[in-house]
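For the sequence shown, position 114 (counting from the first letter as 1) is numbered 1034 according to our numbering, and the numbering increases by one without interruption. The beta carbon of each residue, even a glycine, is placed where N, CA and C say it ideally should be. Here the structure is a predicted model, which means the values were calculated and not measured. Below: the structure, in structure tokens.
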Amino acid sequence: ALYGSDAVAGVVNVILRRDFDGVGTSGQFGASSDGGYVRVQADIVGGRKWNGGGFLLAYDFTRSSDIEARQRSYTASLLPDTSLFPSQNRHAVTFSGHQDLGGGVFAKIDALYSFRKSRAAG
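Structural data, given as structure tokens:
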């Protein structure tokens, strides 16, 4: 509702925690019960704040394996090596910094980097 009727495909509004102080990590592991698609995800975020400023640096890694037709019973009409879902590797880095320069002047920077690689066979 905030973005009006033009937001028909959905809106993602990322708000970074600018005053993050410390280090945090998380990880996930998941797998399909039908075979194929194993997903591993890990991330780390660190930040420091000081009077009038601070920064945040985060890194995220995700790897997922592919799903091939031979791994699903409902794809018997396809060649066994046909890729239903490609394998993927993703690296993402986020940096955010801010500083109060005084007199109502603020310096802010947000930088995002992402590298994704996928491979499908068949």
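- Here DSSP, grouped into helix, strand and coil, assigns Tyr1033 to strand.
- In the assembly as shown, Leu999 is an exposed residue. Its beta-carbon has fewer than 16 other beta-carbons within 10 Å.
- Of all alpha-carbon atoms in Gly1017, Ala1027, Gln1008, the one lying nearest the alpha-carbon of Ser1034 is that of Gln1008.
- Within the same chain, Gly967, Arg968, Lys969, Gly974 come within 8 angstroms of Asp941 by CB-CB distance, once the 5 residues on both sides are set aside.
- With three or more CB-CB distances shorter than 8 angstroms, the stretch 974–988 counts as touching the stretch 945–956.
- Note: Leu998 is not bridge-paired with any residue in the DSSP secondary-structure output.
- Annotation: Ser952 to Val1025 spans about 52 angstroms, alpha carbon to alpha carbon.
- Around Asp939, the same chain offers Lys969, Gly974 as residues with beta carbons nearer than 7 angstroms, after the five sequence neighbours per side are excluded.
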